[in-house]
Amino acid sequence: MGAKTLCIFCEAELGPDTKPEHIMLNALGGRRTTKRVICSKHNNDFGGGIDNALAKQIEVLRNLLQLESGTGKLPPALKNLQAGSERINIRNDGRPELVKPPFTVTDLPDGKFNVEFLARSSEDIKKMLPHLAARLRMTEEEVIKQITQNGQAAIVEMQPDTVHHHISLGCEEALRSMAKSCLVLLATVTGNGAVKAAPFAAARNYVLNGSPEFNKERTQIDSRDVPSVDDLRNRFGPFFNLIYIRSDDAGRVIGHFTIYNAISWQIVLAEAGGPPNGVAAIVSNPLEPATWEDVASSLPDIPFGWLDAADRVYEIERARERLVAMVKHHVDNARKTETARICDDVFAKHGVTDDDQPIADPNAQQTIVGEIARRLAAHALGLRHEQKLSPEETEAMLRCKKK
């Protein structure tokens, strides 16, 4: 009968029914899991506690960079943000939406009304019609007739004002999650027995219960570029995540956790007596979560001396440069997405719905190019774009039909 495999945080036996644990946090795009290091109870406890704390801290960055989780879930939406005088949500696809009712009705003195729809498509408007009709005590046909025959309709597009985000990384709970990931990764290399031994007792207790003393004495923020950062960027993208663990002759074990190539933390997992001269590593590309590596010999070598010499002076400018790179990536992607949306919208308006559909009429070509140019210019300048609709266009939109 083989030896039992026990959880590194308790005496629970692990087996086929044990819940898989992500080594690199799922929210960071981690794909590799193991059932042979921690029990299902601690998996659940960490997921709702320290892992959730770290996941919450990266929500803004995940939304800005549009980073899926390791299991393929879209980034979280950002709710109820102040944008000038408005409140907005940023959806999990990165698109902003006003926090307003889907439609508003303003009654006019002459018995008529103004109605404003907050929608992204004619399909959205069509879904609102029954509710609008109920509000006005009319049939849907009467509402369509009133809007198309007795008023002027227009489509209005505008950008929200600047949204200011607060990003905070590295509270004690988040650092406990990082320490847990380091211990789990190490156990996949050394075996659980080594990580359950006395040299790692303080680190295990820190993960389970927290410890101001451990947090102060054995964790350290590190703003240095990791060695061979250019190689890692080339292989795993500009915002790679990295866990690298190494020990010296005396069994001093250092874990180094890098988030999005923006900021790192050094964690002393064992001060002495751990497995000597060992190494474990895992790196992932959050832009493409399927790209990752956990064979340390296939990755750039990071010497123990470098890991043990965390920069005690936090260089804010280095971190700022990396965050600026993230914002630039977000802006570039958002610009490409909005440019494609505007082009598709203009082409569809003029009946061009297929990429291979020719536009033979020179006048139509000129009209389309001119309209795209005007809308892109308005978008670049942050100006409101308004498109007046004919009664026929209005009716087509309300009925969700092509002209």
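Everything in the sequence shown is counted per our numbering, starting at 119 for the first residue and increasing by one. Think of the CB as a built atom: it goes at the ideal place given N, C-alpha and C, for glycine as much as any other residue.
With a threshold of 16 other CB atoms inside 10 Å of the CB of E139, please say whether the residue is buried or exposed.
Within the sequence shown, residue 139 is the residue found at index 21, counting from 1. Label assigned to E139: buried.
Once DSSP output is grouped into helix, strand and coil, what is the label at R149?
Stepping through the sequence shown from its first residue, residue 149 is reached at position 31. Coil.
Measure the CB-CB distance between L387 and C300 and report whether it falls below 7 Å.
What you label residue 387 is simply residue 269 of the sequence shown in a count that begins at 1. What you label residue 300 is simply residue 182 of the sequence shown in a count that begins at 1. For L387 and C300, yes; Cβs fall inside 7 Å.
Sort Q483, F164, T409, L350 by Cα distance to K298 and report the nearest one.
Taking the sequence shown and counting its residues from 1, the one referred to as residue 298 is at position 180. The candidate whose alpha carbon is nearest that of K298 is F164.
For my contact list, V302 and I420 are in at a C-beta cut-off of 8 Å; report their separation, rounded to the angstrom.
One-based indexing of the sequence shown puts residue 302 at position 184. One-based indexing of the sequence shown puts residue 420 at position 302. At roughly 19 Å, the Cβ-Cβ gap does not stay under 8 Å, so V302 and I420 are not in contact.
Which of helix, strand or coil DSSP assigns to V217
As a position in the sequence shown, residue 217 is number 99, starting the count at 1. Coil.
Do L172 and A292 have their C-beta atoms within less than 7 Å of each other?
Here residue 172 refers to the residue found at position 54 when the sequence shown is read from its first residue. Here residue 292 refers to the residue found at position 174 when the sequence shown is read from its first residue. Yes, Cβ-Cβ distance for L172 and A292 is below 7 Å.
For T485, does the three-state DSSP call read helix, strand or coil?
Locating residue 485 in the sequence shown gives position 367, where the first residue counts as 1. If DSSP states are grouped into helix, strand and coil, T485 belongs with the helices.
Validate contact between the stretch 276 to 285 and the stretch 505 to 516 using beta carbons, cut 8 Å, 3 pairs:
no
Under DSSP, the alpha helix (DSSP H) around R453 begins and ends at which residues?
Looking up residue 453 in the sequence shown gives position 335. That run of the alpha helix (DSSP H) goes 434 to 467.
Could you tell me whether the stretch 204 to 212 touches the stretch 187 to 194, where touching means 3 or more Cβ pairs closer than 8 Å?
yes
What does the Cβ neighbour count give for L143, buried or exposed, with the cut at 16 atoms within 10 Å?
Start at 1 with the first residue of the sequence shown, and residue 143 comes out as number 25. L143 comes out buried.
Evaluate S402 with the Cβ neighbour count: other Cβ atoms within 10 Å of its Cβ, from every protein chain shown; 16 or more gives buried, anything less gives exposed.
The residue given as residue 402 occupies position 284 in the sequence shown. Under this definition S402 is a buried residue.
Output the distance between the C-alpha atoms of F422 and I372, rounded to the nearest integer angstrom.
Translated into positions along the sequence shown, residue 422 becomes position 304. Translated into positions along the sequence shown, residue 372 becomes position 254. Distance between the alpha carbons of F422 and I372 is about 8 Å.
Short Cβ contact (7 Å threshold) for S346 with P418:
Position 228 of the sequence shown, counted from the first residue, corresponds to residue 346. Position 300 of the sequence shown, counted from the first residue, corresponds to residue 418. Yes; because the gap between Cβ atoms is below 7 Å, this pair is in contact.
Kindly indicate which residue of A305, P356, P317, S295 has the alpha-carbon position closest to the one of N327.
Position 209 of the sequence shown, counted from the start, is the residue given in the question as residue 327. Taking only the C-alpha atoms, the option nearest N327 is S295.
So H160 is in the alpha helix (DSSP H); what residue range does that whole segment cover?
By one-based count along the sequence shown, residue 160 stands at place 42. 158 to 166 is the extent of the alpha helix (DSSP H) around H160.
Strand pairing of I377, partner residues [DSSP]
Start at 1 with the first residue of the sequence shown, and residue 377 comes out as number 259. DSSP output for I377 lists I381 as bridge partner(s).
Per DSSP, what kind of secondary structure is D225 in: helix, strand or coil?
Translated into the one-based positions of the sequence shown, residue 225 becomes position 107. Reduced to three states, the DSSP call for D225 is strand.
Are W410 and R149 touching if we call contact CB-CB under 7 Å?
Looking up residue 410 in the sequence shown gives position 292. Looking up residue 149 in the sequence shown gives position 31. Closer than 7 Å, so yes.
Going straight from the alpha carbon of L132 to that of L304, what length do you get?
As a working mapping, residue 132 is identified with position 14 in the sequence shown. As a working mapping, residue 304 is identified with position 186 in the sequence shown. L132 and L304: Cα-Cα distance of roughly 17 Å.
Within its chain, find whatever has a CB closer than 6 Å to the CB of V274; leave out the 5 residues flanking it on each side and keep chain order.
Within the sequence shown, the letter at position 156 stands for residue 274. So the qualifying residues of the chain are E504.
Tell me S402's beta-bridge partners as DSSP assigns them.
On the sequence shown, position 284 is the one that residue 402 refers to. Beta-bridge pairing links S402 to N359, W410.
Sequence-distant residues of the same chain with beta carbon closer than 6 Å to P317, five excluded per side
In the sequence shown, the residue the question calls residue 317 occupies position 199. Taken in chain order, the residues that qualify are A388, G391, G392.
Can you tell me which of K467, I460, E177 puts its alpha carbon nearest to the alpha carbon of H283?
Taking the sequence shown and counting its residues from 1, the one referred to as residue 283 is at position 165. Per the Cα distances, E177.
CB A121 to CB S187, shorter than 7 Å?
On the sequence shown, position 3 is the one that residue 121 refers to. On the sequence shown, position 69 is the one that residue 187 refers to. No, they are not a contact pair.
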